[in-house]
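Some notes on the structure that comes next.
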Amino acid sequence: MQTLLCRCPTRSRNSETSSVPLSPVLREHLTDYENSQLAELDSWRIRAIPPSGQFLEILQQDCQEFLMFVLAENTPMREPLTLVVSITRVCRNCNVTVRSGEEPDIMARIPVTIKKGSLTDFVNSAFNTWQQLPGYQCSNCNLVDTTQEKRVIVRTSQFVLLHLLAFNTNMSKIRETRITGVPNSRVTISA
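If you're matching positions, the sequence shown starts at 21 in my numbering and goes up one per residue.
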């Protein structure tokens, strides 16, 4: 699979006179940009030619989707990144407990629910605490908003990808959150 991630600012239209020589592949991508009728060329561009043909000739706006796509196509890259998550749901009304099987994933998605903390604090807020499930209907008593869920990371591989979900549902960035100790802190993941 070929993958190219490049940033092409508007001034790159004069690439022929640039002091940095462009490879034929980069020149082709730059030409694609110039011919795409975009007002400005200052967004990230992904060009991938995988067997499935997805993400071909499009503007890429979500790096997590692209990473998931690349890792889905490349099994050897997945193995050192795989983690296993167990999910438990409990209804506070009828005390029915539902445990899911262990689900493999390649990325720990962490909603930003606290204002300030270390990466360990963010991981613990997403994985080792009970969270209310708004709108979820209990399958036993049929009541809504009475179920809590707890996600636990059961196993990790060599590396863990943490994806902080730092956007609200209206796509505005959560700017008041502060993460301490980055990038030098160690993250403790415990069940």
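Each residue gets a CB set at the ideal place from its N, CA and C atoms; glycine is no exception.
query                                                                                                                : result
Beta strand (DSSP E) segments (min. 3 residues) lying fully within the region 82 to 148                              : 103 to 111, 117 to 119, 123 to 125, 128 to 131, 136 to 138
Meets three-Cβ-pair contact criterion under 8 Å: the region 132 to 146 and the region 115 to 122                     : no
Reference M88, options D125, V104, T108, closest by Cα                                                               : D125
DSSP state of I209 mapped onto helix, strand, coil                                                                   : coil
When L153, L182, M97, V104 are compared against E122, the one with the closest alpha-carbon                          : V104
N- and C-terminal bounds of the beta strand (DSSP E) containing E169                                                 : 167 to 175
Supposed contact pair F147 and R171 - C-beta distance, whole angstroms, cut 8 Å                                      : 5 Å
Helix, strand or coil at V180 according to DSSP, with G and I counted as helix                                       : coil
T95 burial status per 10 Å Cβ neighbour count (16 or more: buried)                                                   : exposed
Rounded straight-line distance, which links the Cα of K135 to that of R109                                           : 26 Å
Residues of its chain near L58, where Cβ-Cβ distance is below 6 Å and the 5 sequence neighbours each way are ignored : Residue placement at L58 cannot be trusted, given a pLDDT of 45 that sits under 50; the coordinates are not used to answer.
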